[in-house]
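Structure first, commentary second.
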Amino acid sequence: MTASLLPTLEPLLTSNVGAGLVLVAYLAGVILGPRLRPGWEHAYGVLGLGLLVFGQVLGLVVAPPDAMMGDVGRILYVHVPSAWLTMVWFTAAFVAAAAFLFVGRKGFDLFVEAAVEVGIVLSILLQVTGMLFAKPTWGIYWDWDPRLVSATVMMLAFMGVQTLRATLDDPDRRATWTSVATILAYTSVAVTYESVRIWRSIHQMQSSPATVAKPMVAVLRLNAWAFLFLTTWMVVRRYRIAATRARAEEAPPLPDEVTA
Amino acid sequence: MNPANVGSGVVTGGWDFVTASYAVCWILLLGYTVSLLVRARSSGGAR
């Protein structure tokens, strides 16, 4: 049944119009969801999980093997979405960090905390699947290659942001320093993305739908949508945890604490 | 494990690496999801 669904879904998943429609629906949900009902993000979580199961079954069973990499090419359906979404959440954190410095709204700071943490989880997945991809295709788990090194520096830079954040007690200083550190760390995202163009690398250049077979594009995009919806749930949940902690931090002291 | 089909230029086999990649994906994503649920519960207010 899953095999017969792929040709049906292919036009929606491979065309720019289809991708645009899904993106509009995603953004409409993100904008309208919080206004319509509390806990709106659970719908994204369930949808993301469902798409991930479906997308990974397609990736493992239905998608054709790669012409050069054979079945090992199926790692693509985990590795590439994790790379895309790592960059999406680090970029979102960068925008929110800049917005916090300009506007000073606490919500932007809490969003930075959430987006950076989810980005780190995805970058760990990116690193591990990258090594598992490299061994059978390049013959090595790791090399001091510009793309591999810059991606590792990116992960460590954002881990540094979270570590810095954890060491600061004063909420205002913490928010400002986190924003500045996030903006500085974001330079590593740009370097990582462009590393395969700037330097000679064993890592391939960025693919585009024009250079990849349609059934593979369809499965790749399906998994990317799954990652997007699922990690949106994660970021919103993490934001709510950060907001709860921030409220507790700002709450007035209890009477016995005042008299002590 | 020697998935590289030396000489032909086409990689064969390697299913252990594929399985490991998908397993790591689920372990990380589900593990992080559980950590979020536990932290939300312990913080007491995140709905």
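In order, the protein sequence lines correspond to chains D and Y. Going by my numbering, the first residue of the first sequence is number 28, and it counts up by one from there. Going by my numbering, the first residue of the second sequence is number 13, and it counts up by one from there. Cβ atoms here follow ideal geometry from the backbone N, Cα and C, with glycine treated the same way. Keep in mind it's a predicted model, so treat the numbers as computed, not measured.
Exercise. What residues of chain D sit near residue 22 of chain Y, judged by a beta carbon separation below 7 Å?
Worked result: 95 and 97
Exercise. If you pair each beta-carbon of the segment 103 to 119 of chain D with each one of the segment 237 to 249 of chain D, do three or more pairs fall below 8 Å?
Worked result: yes
For this session: May I ask you to report which of helix, strand or coil DSSP gives residue 136 of chain D?
Result: helix
For this session: Report all residues from its chain with a CB closer than 6 Å to the CB of residue 86 of chain D; omit the five preceding and five following residues, and keep chain order.
Result: 101, 104 and 246
Exercise. Hey, how far is the Cα of residue 51 of chain Y from the Cα of residue 209 of chain D?
Worked result: 24 Å
Exercise. How would you write the range of the alpha helix (DSSP H) that residue 181 of chain D sits in, first residue to last?
Worked result: 173 to 194
Exercise. Roughly how many angstroms lie between the CA atoms of residue 296 of chain D and residue 167 of chain D, to the nearest whole one?
Worked result: Outside the shown range of chain D (28 to 287) lies residue 296 of chain D, about which nothing can therefore be said.
Problem set entry | Bridge-paired residues (DSSP) for residue 93 of chain D | D:97
Exercise. Buried or exposed: residue 150 of chain D, going by 16 or more other Cβ atoms within 10 Å of its Cβ?
Worked result: buried
Exercise. To the nearest angstrom, how far is it from the Cα of residue 177 of chain D to the Cα of residue 252 of chain D?
Worked result: 25 Å
For this session: Kindly indicate which residue of D:180, D:54, D:260 and D:269 has the alpha-carbon position closest to the one of residue 66 of chain D.
Result: D:260
Problem set entry | DSSP three-state assignment for residue 71 of chain D, whether helix, strand or coil | helix
Problem set entry | Rounded separation between residue 93 of chain D and residue 27 of chain Y - CA only | 13 Å
Problem set entry | Proximal residues of chain Y, C-beta to C-beta of residue 102 of chain D below 7 Å | 29, 30 and 33
Exercise. Residues in its own chain within less than 7 Å of residue 123 of chain D by CB, not counting five upstream and five downstream?
Worked result: 135, 138, 139 and 142
Problem set entry | Residues that residue 272 of chain D contacts on chain Y, provided the C-beta gap is smaller than 7 Å | 55
Exercise. Chain D beta carbons: is any one of them nearer than 9 Å to that of residue 1 of chain Y?
Worked result: The structure shown does not extend to residue 1 of chain Y, since chain Y is modelled only from 13 through 59, so no value can be given for it.
Exercise. From residue 255 of chain D to residue 70 of chain D, what does the alpha carbon distance come to, in whole angstroms?
Worked result: 13 Å
Problem set entry | Beta carbon proximity, residue 146 of chain D to chain Y, threshold 9 Å | no
Exercise. Taking Cβ to Cβ, would you say residue 73 of chain D is nearer than 9 Å to residue 164 of chain D?
Worked result: no
Exercise. In chain Y, what lies closer than 9 Å to residue 261 of chain D by C-beta?
Worked result: 41, 44, 45 and 48
Exercise. Nearest CA to the CA of residue 146 of chain D: which residue from D:187, D:133, D:97 and D:112?
Worked result: D:112
Exercise. Helix, strand or coil for residue 197 of chain D per DSSP?
Worked result: coil
Problem set entry | Cα-Cα separation between residue 40 of chain Y and residue 49 of chain D, rounded to whole angstroms | 26 Å
Exercise. Are residue 153 of chain D and residue 186 of chain D touching if we call contact CB-CB under 9 Å?
Worked result: no
Problem set entry | Below-9 Å beta-carbon distance, residue 163 of chain D vs any chain Y residue | yes
Exercise. Under three-state DSSP, which class holds residue 47 of chain D?
Worked result: helix
Exercise. Excluding five sequence neighbours on each side, which residues of the same chain lie with their C-beta closer than 6 Å to the C-beta of residue 218 of chain D?
Worked result: 177
Exercise. What is the rounded straight-line gap between the Cα of residue 174 of chain D and the Cα of residue 232 of chain D?
Worked result: 10 Å
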